[in-house]
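In my numbering, the protein residues as written are 9 to 304.
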């Protein structure tokens, strides 16, 4: 039976989306008030704080956690909500909102509030690396370096343009590591340009790195790219943006439930715009681990 007035915690990151999360939160509060709902509002104060706030809200009996922010804020919420009965409702308002877009979640406050009131629920998968969850795509190698650059950027760029700019700046100084990848039905040992271990198809604000990935199929999809020259990367970058890079000889797509990655030097996995884990890496799928407010 749908709960018309569940206990709601509203958590938002006032820094997300260059401050646009503040306006989005105000509009969401107005929509909630119009529906007769009175959430408990909690503001994040920095990286890692949303995870703490969501955990506290769950302990205090929240039935729905509403998050206003980008993929990073959703990432933190997923740590506390995995394998729980508490539903996650997300209003995208960050630099990148790949999780919401990949699931076709409501982007307007009124639609989101209506879905909460109607009890709309969908179970989606999470990926877990070295004991920590992520929602979208885990990047190792070149893309992890790009993600780090984007995170540190102060240039006046946003979303996909920022990601492409970071790609161009990172290309000349990246040196491929030697890696060993072991998955359910095979292994690869050799130099690596990048490995994208995906729960959803996109990262970097809708770059379709693993176009066949789905967040409710109980599998990880991997895009494995062996080393390519700078000029070839420049040529096939447009196909990556469209998700048509499968024809490139150095690109392979794999499907698995678990993958182990060992490197000849320390490397990070970045996911949801966050540094999540350091090598050696063990990534697995958690089928249906997160309950989200969305039509099934």
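Backbone N, C-alpha and C define an ideal beta-carbon position, used for all residues, glycine too. Nothing here was measured: the structure is a model prediction, and the numbers come from that model.
Nearest-angstrom Cα separation, counted from residue j out to residue i
i, j, result
"residue 33", "residue 121", "12 Å"
"residue 201", "residue 224", "28 Å"
"residue 282", "residue 43", "34 Å"
"residue 22", "residue 227", "34 Å"
"residue 290", "residue 253", "26 Å"
"residue 197", "residue 271", "10 Å"
"residue 161", "residue 299", "33 Å"
"residue 180", "residue 250", "23 Å"
"residue 91", "residue 297", "5 Å"
"residue 293", "residue 232", "18 Å"
"residue 211", "residue 274", "23 Å"
"residue 156", "residue 65", "30 Å"
"residue 123", "residue 74", "12 Å"
"residue 188", "residue 263", "16 Å"
"residue 267", "residue 245", "26 Å"
"residue 108", "residue 183", "33 Å"
"residue 140", "residue 278", "12 Å"
"residue 97", "residue 241", "38 Å"
"residue 102", "residue 258", "33 Å"
"residue 11", "residue 69", "Any reading at residue 11 needs caution, since the residue's pLDDT is 44, under 50, leaving its predicted position unreliable; the model's value is listed next. For residue 11 and residue 69, the distance between alpha carbons rounds to 14 Å."
"residue 176", "residue 214", "18 Å"
"residue 195", "residue 119", "45 Å"
"residue 178", "residue 261", "24 Å"
"residue 217", "residue 285", "20 Å"
"residue 276", "residue 135", "16 Å"
"residue 31", "residue 190", "45 Å"
Buried/exposed call for residue i, threshold 16 Cβ in 10 Å
i, result
"residue 153", "buried"
"residue 9", "Reliability fails at residue 9, whose pLDDT of 36 lies under 50, so the model's placement of it is uncertain and no value is given."
"residue 305", "Within the shown structure, residues of the chain are numbered from 9 to 304, placing residue 305 beyond reach of any answer."
"residue 54", "exposed"
"residue 106", "buried"
"residue 238", "exposed"
"residue 45", "buried"
"residue 47", "buried"
"residue 126", "exposed"
"residue 280", "buried"
"residue 170", "buried"
CB contact flag (residue i, residue j, <8 Å)
i, j, result
"residue 95", "residue 67", "no"
"residue 79", "residue 143", "yes"
"residue 137", "residue 146", "yes"
"residue 255", "residue 230", "no"
"residue 100", "residue 39", "no"
"residue 185", "residue 235", "no"
"residue 59", "residue 17", "no"
"residue 85", "residue 62", "yes"
"residue 20", "residue 76", "yes"
"residue 158", "residue 203", "no"
Start and end residues, beta strand (DSSP E) containing residue i
i, result
"residue 157", "No beta strand (DSSP E) contains residue 157, which is instead part of the alpha helix (DSSP H) from 150 to 160."
"residue 256", "Premise fails: residue 256 is in no beta strand (DSSP E) and is neither H nor E."
"residue 231", "228 to 233"
"residue 37", "Segment 28 to 42 is the alpha helix (DSSP H) holding residue 37; no beta strand (DSSP E) there."
"residue 268", "266 to 271"
"residue 110", "It is not in any beta strand (DSSP E) - residue 110 instead sits in the alpha helix (DSSP H) that spans 106 to 111."
"residue 71", "First-last for residue 71: undefined, no H or E at that position."
"residue 142", "140 to 142"
The alpha helix (DSSP H) enclosing residue i, as first and last residue numbers
i, result
"residue 80", "79 to 89"
"residue 63", "57 to 67"
"residue 3", "With the chain running from 9 to 304 in the structure shown, residue 3 is simply not present."
Cut-off 7 Å between Cβ atoms - residues of its own chain near residue i, not counting five sequence neighbours on either side
i, result
"residue 221", "206, 207, 208, 209 and 229"
"residue 114", "120 and 123"
Spatial neighbours of residue i in its chain, beta-carbon cut-off 8 Å, leaving aside the 5 residues before and after
i, result
"residue 111", "130, 132, 208, 223, 300 and 302"
"residue 56", "84"
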